[in-house]
Structures are given as C-alpha cells and as structure tokens.
Amino acid sequence: MRKSFVFISIIALNILFVFNSFAQGEITCKVLKSEIAKSYTGECKKGYAHGKGIAKGIDEYDGYFKKGIPHGLGKYTWHNGDVYEGNFKNGLQSGYGKYTWANGDVYEGAWLLGVKNGNGKIVTSKGITQTGKWYKDIYTGDAQATEAPYKILSKRNVRTIRISEKTNSATNNIEIVFKREGRTYHEMENLSLIGSSGTIINSSSYTAYESFIAPFKGKIMFTAPDDFYRSTYQCEFTFEITKQGSWLIEIVF
Numbered sequence: 002m003r004k005s006f007v008f009i010s011i012i013a014l015n016i017l018f019v020f021n022s023f024a025q026g027e028i029t030c031k032v033l034k035s036e037i038a039k040s041y042t043g044e045c046k047k048g049y050a051h052g053k054g055i056a057k058g059i060d061e062y063d064g065y066f067k068k069g070i071p072h073g074l075g076k077y078t079w080h081n082g083d084v085y086e087g088n089f090k091n092g093l094q095s096g097y098g099k100y101t102w103a104n105g106d107v108y109e110g111a112w113l114l115g116v117k118n119g120n121g122k123i124v125t126s127k128g129i130t131q132t133g134k135w136y137k138d139i140y141t142g143d144a145q146a147t148e149a150p151y152k153i154l155s156k157r158n159v160r161t162i163r164i165s166e167k168t169n170s171a172t173n174n175i176e177i178v179f180k181r182e183g184r185t186y187h188e189m190e191n192l193s194l195i196g197s198s199g200t201i202i203n204s205s206s207y208t209a210y211e212s213f214i215a216p217f218k219g220k221i222m223f224t225a226p227d228d229f230y231r232s233t234y235q236c237e238f239t240f241e242i243t244k245q246g247s248w249l250i251e252i253v254f
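What follows is the structure, given as structure tokens:
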C-alpha cells in the first residue's frame, strides 16, 4: 500500500512540474531566431517549433514554423513597429508579402531572401505610389526595366536604403535623410559624406550633395545608437547614381 502511495505521489509531482513549466513560460520547443526565442506556444516536432505557433521576444511572430524558424505564411512584428505579413522561407521574407513600416509606408509584392525582389508597389504615408520592379531591394523602375540609374555598392549596419528621383524638382542634388521608428533626422553623430563631385551641404535641417555630375559615387558614414540606446555602432554605405536630376536617399537604421 505504501509503495502505491509513493508511486502516485511521484506521478503527481511530475504533473505539477510540467504544469509549472508551462505556467512560467518555459520553452519546451526551441525557436532558433533569437529575437523571438523568449517564449513559444504551438506545434512542435523533435524539440523544435514546427507547424503553427506564436513566438515572442523583442519581436513577435505568429505563423508557421519549420525546424525552429519561420517558414510558410506568417505575421512578423518588429519592436520598432514595422510589420510583415506574408510568406517566409528559412526565416526570411520570400514569396509574396506586405510590409508596413511604422511611419505608414506600405510595400506589397514579391520578396526574396528578406528583401524586395520582383514586381510590387509602395504607397507612402503621404499618398505617393511607386509601382514596378525591385531587384535586391533596389527599385529598378517599371516592370520592363532591367537596370536602375543607381546602385548600392555596399552597406554596413543599415537596415534599409531607399533611393528615389524627385520628378517635380528641377535642381541637381542628392538629399540625404535618416529614419528610425517613424522619425526623420537630418543630422547624425559623426556624420561624414564623401562624393566624387559637387558640394557637400551638412546642416541641422538639410544634408545633401549639391550640383553633382553623373556618374556620381558617394560614401556616407555615421554613428547610431543600438535598439536599446545603450551603445553605438558605425554605419556606412556607398552608392552610385548615373543620371542627373534631383534625388532623395532615405536611410533606415
């Protein structure tokens, strides 16, 4: 009789342990993307998130997983307010999807390996529409265009770079603006601009290359705080513009 009591007590303790583990939010299925690996609820396979589930950390993902990473249809919400809804492959946006920035800009169209790639459309918060084709996150013009009049040659610690031509301006310049979490900045710490021609303007309200001559190559370097504003890191990118005109470069860091 005593042995039966001990056996039942052990079972009860095991059930209580499992219950407490779930109550305390312990992850029994691994999520391999660190930004959403704090807690997970959903389907599992061989110890990894697999199937439909919800994972949370500094970011949040609600959708399908494969072997611990987002794969298939899902919704990913970044801690800065950006949201992507659509297809994932091996943890990256791939296929068709809709990305909404915290400032209200929206892109809907094709993705490949986490960047815009293929036909799509951007509608800005100001109502400006840009429809056509993207290649490796760079807008190449209408759907028939094969090469854009600009290139991003390299980038480091920069989330997104958007280059667009100001069709309603007759000036010959390249304006630079910096964006983060829906806010626009015109100056950055330790900002340095290098250009192959023209005059560099760097003030608290306006940063630009004025009177440049195409083809133009430029390099922009600056220091930015991390997501928690506890430390800083160096950002830089180089680009080329092969067409005269008035241009806008938006740097999302």
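For the sequence shown, our numbering gives the first residue as 2, with consecutive numbering after it. From the three backbone atoms N, C-alpha and C, an ideal C-beta is built for every residue, glycine too.
Short of 8 Å in beta carbon distance, which residues of its chain neighbour residue i, apart from the five on each side in sequence? Order them along the chain.
i     : result
Ser22 : Unreliable positioning characterises Ser22 in this predicted model, as indicated by a pLDDT of 40, which lies under 50. The coordinate reading is nonetheless provided below. These residues qualify, in order along the chain: Thr29.
Identify which residue in the options has its Cα closest to the Cα of residue i.
i      : options                           : result
Gly128 : Phe217, Gly105, Thr224 and Gly121 : Gly105
Ile250 : Ile177, Ala56 and Cys45           : Ile177
Asn91  : Ile139, Trp79, Pro71 and Ser232   : Pro71
Gly239 : Gln245, Thr224 and Gly219         : Note on residue identity: the sequence assigns Thr, not Gly, to residue 239. Nearest option by C-alpha distance: Gly219.
Gly82  : Phe66, Ser95, Gly96 and Tyr100    : Tyr100
Glu211 : Thr172, Glu190 and Ser35          : Thr172
Ser35  : Lys53, Ile59 and Gly54            : Ile59
Glu188 : Ile175, Arg181, Asn203 and Val124 : Asn203
Rounded to whole angstroms, what's the CA-CA distance from residue i to residue j? Just pull it up for me.
i      : j      : result
Gly73  : Lys39  : 21 Å
Ser247 : Ile37  : 41 Å
His80  : Val253 : 15 Å
Thr243 : Gly64  : 42 Å
Ser206 : Thr185 : 11 Å
Gln245 : Gln131 : 20 Å
Glu237 : Gly75  : 32 Å
Leu113 : Lys46  : 27 Å
Ile139 : Thr161 : 10 Å
Leaving out the 5 sequence neighbours to the left and right, which residues in its chain are closer than 6 Å to residue i when beta-carbon positions are compared?
i      : result
Gly183 : Ala103 and Asn104
Ala56  : Val32, Ile37, Tyr41 and Tyr62
Ala50  : Cys30, Val32, Tyr41, Phe66 and Gly69
Asn120 : Gly110, Ala111, Lys134 and Ala144
Asn158 : Tyr234 and Cys236
**Message:** Runs of 3 residues minimum, wholly inside the stretch 195-236: which ones carry the beta strand (DSSP E) assignment?
**Reply:** 200-203, 208-211 and 217-226
**Asked** Counting Cβ pairs, one atom from each stretch, are 3 or more of them under 8 Å apart for the stretch 164-179 and the stretch 79-93?
**Response** no
**Request:** Answer yes if the stretch 226-239 comes into contact with the stretch 118-137, meaning at least three C-beta pairs across the two stretches below 8 Å, and no otherwise.
**Result:** no
**Prompt:** Between the stretch 189-202 and the stretch 152-163, are three or more C-beta pairs nearer than 8 Å?
**Reply:** no
**Request:** Entirely within the stretch 143-175 and at least 4 residues each: give me those alpha helix (DSSP H) ranges in chain order.
**Result:** none
**Request:** Would you list, in sequence order, the uninterrupted beta strand (DSSP E) runs of no fewer than 3 residues that lie entirely inside the stretch 42-92?
**Result:** 49-57, 61-67, 70-78 and 84-90
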